[in-house]
Structure formats: structure tokens, C-alpha cells
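Participant: In my numbering, the protein residues as written are 4 to 136.
Glycine is no exception: its CB is placed at the ideal position from the N, C-alpha and C atoms.
Take a look at this one; I'll ask things after.
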């Protein structure tokens, strides 16, 4: 049986993650937006929103507030499985059999034109013309 190291060595990994940003739209009503706060800076200063940041020393520190569904992610079945079903799922995932379902051939589409036509904060539907180009 192939273990995860063997599988990993046969793949070219391409990170398609979307960077987190306070401008990133929240897609589910009622969930909190992504928020980044500076907790410490090298000197005292005031944020653009008026919040004062007092320096605790010569270092930078920040906190992040976000819902677990923020940004690029995948909700695995364990997210909704009852506890009795988790043991079999965890065993299959540890052996790499479930990981294989997320690896395979791919193509890259330039959907810039579709993005340019979409309203701000709305993910565009990629057209058939784009996919066939």
C-alpha cells in the first residue's frame, strides 16, 4: 500500500488559496467577517479607526478573528459526522485513501474577463467560453 509520503512525492502541489483580507466577502449571513488587529507595535500609535495601540516593547504582534469557514478551505465529512462514524473516517484518512480523491489532473483557466464582469464582492460564474478557450 502506498503511504502518504509516496503519494506526496508523485504530486506537483499548486497552492490555490485565496489570501485572507478584511476586504474578503463573508459568504454566509450572520458569520463574523475576518478581522485583523494590531496588538503591539514598536511605538504607540493610533489606528485609522481611532483605536489606540500602546507599545508593550520593541516587537510586532497581531490577533486574527475569523469564522472557521473563512477563506479557502474544505469541509471534510468529519465536520458533520456523528461521533460513531468518525473512527472509520479517521482510519481511512490516515491511510491516505481519502486524500487521493483530492489529487488529480487539473487545468488552469484565465477567468479574468469573468471576474471583471462580476459585481464587487461576488464570485463570478466561469463561463463555458472561458473553460473552452
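Count the other C-beta atoms from every protein chain shown that fall within 10 angstroms of the C-beta of residue 13, then say buried if there are 16 or more, exposed otherwise.
Facilitator: exposed
Participant: May I ask you to verify whether the region 69 to 78 touches the region 9 to 29, counting CB pairs closer than 8 Å and requiring at least 3?
Facilitator: yes
Participant: Using 8 Å as the cut-off, can you tell me whether the region 30 to 44 makes contact with the region 52 to 66, which would need three or more C-beta pairs spanning the two stretches below that distance?
Facilitator: yes
Participant: Do residue 117 and residue 129 have their C-beta atoms within less than 7 Å of each other?
Facilitator: yes
Participant: Does DSSP put residue 38 in a helix, in a strand, or in coil?
Facilitator: strand
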